[in-house]
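Scroll down for the structure; my scribbles are underneath it.
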DNA sequence: TATTGTATATTGTTTGACAATCTACAACGC
DNA sequence: GCGTTGTAGATTGTCAAACAATATACAATA
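Residue numbers (my numbering), protein chains in the order written: chain H, 21 to 264; chain U, 21 to 264.
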C-alpha cells in the first residue's frame, strides 16, 4: 500500500536502525528544511499516516525531538515545532561564540597543513559563490566550513553541542545572512579565521572566531530590523519564510 | 516552589506532567544518584514493573534519556546506562572549560553586590566543609556554587548546556575530588573566582574559571591514577563506586 | 573443541481500546 | 448583543495483547 519513492530501501535500514529513530530523523529533516514550519502543530496520527507507521514510534520520535529542543510537548494539547524568540537566539549566539572561540584556539594548535589546504579550498568556493551573489550556495558552504572546523578539533562532545546549537539557530531563521550585500563581509571574516589559525596563534584565532559570531549575530539583527521595516505590521509567526 | 518529598501528590503531577516525563526523571535520578550503575542494562519490563507503569511510557522515557546522552540504545539488544570513557570525560572537561570561561566573563560584567554576597556566603560554607574534611558536604556545595554561577548569567541556553555536561561528567565519576587533601586547593580556586568576578575584570574572571576547570580535570586524573595503583588489576566497569 | 541448532527472553511494532482533556460551536440566559 | 454553559468531536495519554525479529544461553552434534 505504501510504494512511495523516498522509502524504498526501508527494509535494509530497519535492520540496523529502529523505526522510531528513522521517524525522528525524518521529522527533524522536515523541520530544518522548512517543509514543516515553526509553530506548526504536529498530530501523532497525521505524522503516522504521512510516514506510514503507527502512533507508537511517532510518539517516541516526538520525545526525542523534544529532548533535543526541536519541538515542544504540551500535555493533552500536542507537540508544536518550537519557535525560537529573538532573545533565545541571542542566548544561543552567545554560547556559540564561546564554543567557536574554543574551536579557534584548539585548531591553531593542532591543525595540519593538509587540513588548512582543505579550508582554503572551501574559501575559494565561498569566494566564487559570494562573487555571484548566490546566497544559497554561500550559506551551504558557510555551514560546511564551520561544521568542518568543529570536526577538525576531534572533540566529539564539542561537535555534538555545536550542532545542537546550530539546529536551534536554524530553527530561528533559516536565512541569517539573507542579504547578498553582506556576503563579502562574511567572506572576509572567514579568511581572517583561516589566516589566524594558520598563524598558530590560539588567542588570535579564538578572537577571530568570536568576532565572526558576534558579527553574524549583528547581521541577523539587521536583517530582522529591515524585515520589520518592510512588513511594518509584523506578524512574526505567520509570515512567509522565503525558501532558503 | 516544589519542596515536596517526591511522590506525594502523584495525581496533581499527572495533571501537568506526562507519565513518561516522570518516568524519565525518575530513571535519571536513579542513574545520577548511582542507584543504577553505569553500564547496567535496563529492561523495559523491569523498569515498568519497578515503577508500576506499562512498557509504553518507559520506552518513551528511554528515548528521551538516550537523546540527552544518559543511556545508549542498541537495537534489539536493549538500553544500557552510558559508560563514559576517560577520553570522553576529557572532551567534556574541555567544553566545560570554554563554558565556564564564558560564565566568568559574563558575571564580571553583570553581577550585583547582592549576588556577590550570596556567593561569598557559599564560600563560607565551603570553607567550613573543607575544614572538616567533609567531602560529601563540600561536593554538594561545590555543585551548588557552579550551578548558581551559571544561573546568574541569565542565559537559559547556557545553563541548559552546562547542566547537560555536568550530568555526563557525573556519570563518569560521582566523586571527582574524592580526596580530602584537595579540598583546600579547590576552595582557594573558588575564592579566586569570586574575587576576580568581584573585581569586574572579565578576562581575569574568565581565566580564573578556566583554570579551575583545568585543575579539576587534573585532580580527576590524579584520583584515577591513585585508584589504578591501588587496585592494580583494574576492571573499570565492575569496580565498586563509592557511595556519593 | 568448534559449530550448529534450539529454546527462551527481550525488543520493536502494530492494533485496539478507553479515560482524560482540549477545542469548537451551539444553546441558553441576561 | 454578549458572556456562560453545555455538548460533540478530536486528540492525547496510557494500557494491554499480540506477534515478528533478534539476541542470548545452552544443549547437541560433528
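Positions of the beta carbon are idealized from the N, C-alpha and C atoms, including for glycine.
- At a beta-carbon threshold of 9 Å, the residues of chain H lying near residue 36(U) are 95, ordered along the chain.
- Within the same chain, 131, 136 come within 8 Å of residue 218(H) by CB-CB distance, once the 5 residues on both sides are set aside.
- Just measuring C-alpha positions, the residue of 134(U), 165(U), 182(U) sitting nearest residue 211(U) is 165(U).
- Nearest to residue 36(H) by alpha-carbon distance, out of 97(U), 76(U), 56(U), 108(U), is 97(U).
- The shortest CA-to-CA distance from residue 123(H) to any of 104(H), 223(H), 78(H) is the one to 223(H).
- Residues of the stretch 109–121 of chain U with a Cβ closer than 8 Å to any Cβ of chain H, in chain order: 111, 112, 114, 115, 117, 118, 119, 121.
- Measuring C-alpha to C-alpha distances from residue 127(U) to each of 208(U), 229(U), 245(U) identifies 229(U) as the nearest.
- Within the stretch 216–238 of chain U, not one residue has a Cβ closer than 9 Å to any Cβ of chain H.
- In the DSSP secondary-structure assignment, residue 87(H) is not bridged to any residue.
- Counting along the chain, the unbroken alpha helix (DSSP H) around residue 106(H) starts and ends at 106–130.
- For residue 92(U), the three-state secondary structure derived from DSSP is strand.
- Excluding the 5 residues flanking it on each side, residue 189(H) has same chain C-beta neighbours closer than 8 Å at 104, 109, 112, 113, 116, 196, in chain order.
- DSSP links residue 98(H) through a beta bridge to 94(H).
- Contact of residue 83(H) with chain U is assigned, a C-beta pair being separated by under 8 Å.
- Under a criterion of Cβ atoms nearer than 7 Å, the residues of chain H adjacent to residue 176(U) are, in order, 111.
- Bridge pairing for residue 62(H): 99(H) [DSSP].
- DSSP places residue 73(H) in no alpha helix (DSSP H); its state is neither H nor E.
- The residue from 150(H), 182(H), 175(H) with its alpha-carbon nearest to that of residue 106(U) is 175(H).
- Residue 233(H) and residue 215(U) have their alpha carbons spaced roughly 29 Å apart.
- Fewer than three pairs of CB atoms, one per stretch, sit closer than 8 Å, so the stretch 61–75 of chain U makes no contact with the stretch 66–83 of chain H.
- The straight-line gap separating the alpha-carbon atoms of residue 60(H) and residue 86(H) is approximately 14 Å.
- Ranked by how close their Cα comes to the Cα of residue 77(H), the residues 144(H), 47(H), 101(H) have 47(H) in first place.
- Within its own chain, the residues whose Cβ lies closer than 6 Å to the Cβ of residue 139(U), once the five positions on either side in sequence are excluded, are 214, listed in chain order.
- In the three-state reduction of the DSSP assignment, residue 199(H) falls in the coil class.
- DSSP places residue 183(U) within a helical segment (H, G or I) once states are collapsed to three.
- In this structure residue 84(H) does not touch residue 237(U) by the C-beta definition: roughly 31 Å separates them, more than the 8 Å allowed.
- For residue 79(H), the chain U residues whose C-beta falls within less than 7 Å of its own C-beta are 80, listed in chain order.
- Residue 88(H) and residue 191(H) have their C-alpha atoms some 12 Å from each other.
- Collapsing the DSSP output to three states places residue 190(U) in a helix.
- Close partners of residue 87(H) in chain U (Cβ separation under 7 Å): 84, 87, 88.
- When Cβ-Cβ separations below 8 Å define contact, residue 181(H) makes contact with chain U.
- For the stretch 127–138 of chain U, there are no residues whose beta carbon sits under 9 Å from a beta carbon of chain H.
- With fewer than 16 other Cβ atoms from the protein chains shown falling within 10 Å of its own Cβ, residue 152(H) counts as exposed.
- A buried status is given to residue 206(H), since no fewer than 16 other beta-carbon atoms sit within 10 Å of its beta-carbon.
- Residues of chain U with a Cβ closer than 7 Å to the Cβ of residue 40(H) are, in chain order, 83.
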